[in-house]
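Novice:
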Amino acid sequence: MKIATFNINGIKARLGALLEWLDEARPDVALLQEIKSVDAAFPRQDIEDRGYEVALHGQKSFNGVAILSRFPLEDIQRGLPGDDGDDHARWIEATVVGKARALRLCGLYLPNGNPAPGPKFDYKLAWMERLRVRAQELLAAEQPALLGGDFNVIPQDEDAARPDAWRKDALARPESRAAFRRIVNLGYTDAFRARHPEPGQYTFWDYQAGARRRNDGIRIDHMLLTPQAADLLRDTGIDAHLRDREKPSDHVPLWVDLDLDG
DNA sequence: ATGACTACGCCACGTAGA
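Sequential numbering of the first sequence, starting at 1, is according to UniProt numbering.
Below is the structure:
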């Protein structure tokens, strides 16, 4: 089962690019971030026509996450537990039922956190602590599960073309990296890094200053697997070529292929 | 480099992104 994550930076601006990618990459599941749309305005029919079930957690103008799936989704939950006052649409989870096994999917859009320090950075770190608690619960279940999405964290220096330029940024500050490590160190596998140790592999390039042309990118979209999911990992990759098309998102899709058939 | 670019919405220019 091919499972992808893609920060589309606005469904209204990206519908054509999204449909084109679905038709050619044919992911079984797509976790979307930054749909920037309320549920009622989401072009559900265009996606259902391609054989996908659509689960939404939208918001006006900003944020918003979704799960698209060719396999049935069960037990859909919206919102990351731990703060009833948090009204940002940044978390959706569901169980996808494959031919032989089920997988718990968590789609997330982690707060950017800039400027740092400041209240937005405090919100980011608090959100990551809530994520750690949920991640620990998922591990305790000892089942295949996946945390996928835009983490807005550059885990290590090799995940940026110019690490020094990000040193004081909320995406790479020591506090952000430590919070990310605390989650991974619970027992998760960073699927892409496990299979691609080479540098220069990114999922985001700024729109400005020819960043894509110069491969001045960062790796901030991630798929973290529980041990039971990591044992099913067949392959993983980044669809970087989408960044070179007309009207691209500033992020590109990251995917994993998990053997849920046997 | 206080720059650049893109999406969004009170449709004009401020907010947010990363």
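Glycine included, each C-beta is placed from N, C-alpha and C at the ideal position. Just so you know, these numbers come straight off a predicted model, no measurement behind them.
Would Ile35 and Gly51 qualify as a contact pair, given that the criterion is a beta-carbon distance under 8 angstroms?
Specialist: Numbered from 1 along the first sequence, position 35 holds the residue referred to as residue 35. Numbered from 1 along the first sequence, position 51 holds the residue referred to as residue 51. Not a contact, by the Cβ cut-off of 8 angstroms.
Novice: Buried or exposed for Gly113, going by 16 or more other Cβ atoms inside 10 Å?
Specialist: Reading the first sequence from its first residue, position 113 is the one you call residue 113. So Gly113 counts as buried.
Novice: Near Ala170, what residues of its chain come up, given a Cβ to Cβ distance below 8 angstroms and the 5 sequence neighbours on each side ignored?
Specialist: Counting from 1 along the first sequence, the entry for residue 170 is found at position 170. Asn112, Gly113, Asn114, Pro115, Ala116, Lys120, Phe121, Lys124, Asn152, Ser176.
Novice: If distances are taken between C-alpha atoms only, which option among Leu260, His222, Pro248, Leu105 comes closest to Glu20?
Specialist: Taking the first sequence and counting its residues from 1, one reaches residue 20 at position 20. Looking at the Cα atoms, Pro248 is the closest of the given residues.
Novice: By Cβ distance, which residues of its chain are closer than 8 angstroms to Ala135, with the 5 residues on each side in sequence left out?
Specialist: As a working note, residue 135 is residue 135 in the first sequence. Result list for Ala135: Leu147, Ile183, Leu186, Tyr188, Leu224, in chain order.
Novice: Just how far apart, CA to CA, sit Arg162 and Lys99?
Specialist: Counting from one through the first sequence, the residue named residue 162 turns up at place 162. Counting from one through the first sequence, the residue named residue 99 turns up at place 99. Arg162 and Lys99: Cα-Cα distance of roughly 43 angstroms.
Novice: Name the two residues that bound the continuous beta strand (DSSP E) containing Phe6.
Specialist: For the purposes of this step, residue 6 is taken as residue 6 along the first sequence, with counting starting at 1. Counting along the chain, the beta strand (DSSP E) containing Phe6 begins and ends at 2–7.
Novice: Taking the straight line between their C-alpha atoms, what separation do you get for Ala126 and Asp23?
Specialist: Start at 1 with the first residue of the first sequence, and residue 126 comes out as number 126. Start at 1 with the first residue of the first sequence, and residue 23 comes out as number 23. Between Ala126 and Asp23, the C-alpha separation is close to 38 angstroms.
Novice: Just to confirm, are Leu31 and Ala4 a CB contact at a threshold of 8 angstroms?
Specialist: Translated into the one-based positions of the first sequence, residue 31 becomes position 31. Translated into the one-based positions of the first sequence, residue 4 becomes position 4. Yes, they are a contact pair.
Novice: If Leu105 sits next to Ala94, beta carbons under 8 angstroms apart, how far is it from one beta carbon to the other, in whole angstroms?
Specialist: In the first sequence, counting from the first residue as 1, residue 105 sits at position 105. In the first sequence, counting from the first residue as 1, residue 94 sits at position 94. Right, the Cβ-Cβ distance comes to about 6 angstroms (below 8 angstroms), so this counts as a contact.
Novice: Do you know offhand how far Asn215's Cα is from Gly237's?
Specialist: By 1-based counting over the first sequence, the position of residue 215 is 215. By 1-based counting over the first sequence, the position of residue 237 is 237. Their backbone Cα atoms lie some 17 angstroms apart in a straight line.
Novice: Indicate the three-state DSSP secondary structure (helix, strand or coil) for Gln208 in the structure shown.
Specialist: Here residue 208 refers to the residue found at position 208 of the first sequence. Gln208: coil per DSSP, three-state reduction.
Novice: Would you identify the three-state DSSP class for Leu147, choosing helix, strand or coil?
Specialist: One-based indexing of the first sequence puts residue 147 at position 147. Strand, per DSSP.
Novice: For Gly82, collect the residues of the same chain with a Cβ closer than 7 angstroms to its Cβ; drop the 5 residues on either side in sequence, then sort them by chain order.
Specialist: As a working note, residue 82 is residue 82 in the first sequence. Here the set comprises Arg130, Val133.
Novice: Give me, in chain order, the residues of the same chain whose beta-carbon lies closer than 6 angstroms to that of Ala66; leave out the 5 immediate sequence neighbours on both sides.
Specialist: Residue 66 sits at position 66 when you count from the first residue of the first sequence. For Ala66, where only same-chain residues beyond five positions count, the Cβ hits under 6 angstroms are Leu32, Ile35, Leu56.
Novice: Are the CB atoms of Arg219 and Thr203 nearer to each other than 8 angstroms?
Specialist: Numbered from its first residue, the first sequence carries residue 219 at position 219. Numbered from its first residue, the first sequence carries residue 203 at position 203. Against a cut-off of 8 angstroms, the Cβ pair of Thr203 and Arg219 comes out as a contact.
Novice: Once the 5 residues before and after Gly10 are set aside, which same chain residues still bring their CB inside 7 angstroms of it?
Specialist: Here residue 10 is taken as the residue at index 10 of the first sequence, counted from 1. Glu34, Lys36, listed in sequence order.
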